[in-house]
Amino acid sequence: MHIYATFAGVFLIAYGILLLRKPNLFRRGMWMKTGIAQRNLSPEAYIKYARGVGVFNIALGIAFFVWGFFTH
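Position in the sequence shown (first residue = 1) + 1 = the numbering used here.
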């Protein structure tokens with residue numbers, strides 16, 4: 002069961018890094034119509050929001066990775 006937490010941590014870290022490097026990745030196509038944050042925030046505010054979500058994902062991913070790696 003803890004191996005899943007380790008893999009989830011790695012996935013969250015990778016997704017967080019992706020959001021930090023390319024915050025506008027999901028600002029096209031169908032995401033523009035379905036994303037509430039994209040419709041309600043200005044482009045500059047959305048970039049700050051996406052980077053904040055990226056940092057949160059990295060922190061949560063590190064926590065999952067450490068928990069999954071050190072508990073057996």
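All C-beta atoms in this analysis are idealised placements derived from N, C-alpha and C, irrespective of residue type, glycine included.
Note on I14: 16 or more other CB atoms within 10 angstroms of its CB, so buried under the neighbour-count rule. Contact between the stretch 2-12 and the stretch 40-56 is absent: fewer than three C-beta pairs spanning the two stretches fall below 8 Å.
Distances from the CA of Y47 to each of W68, T72, R28 were compared; the closest alpha carbon is that of R28. Shown here, N25 sits in coil according to DSSP, grouped into three states, outside any helix or strand.
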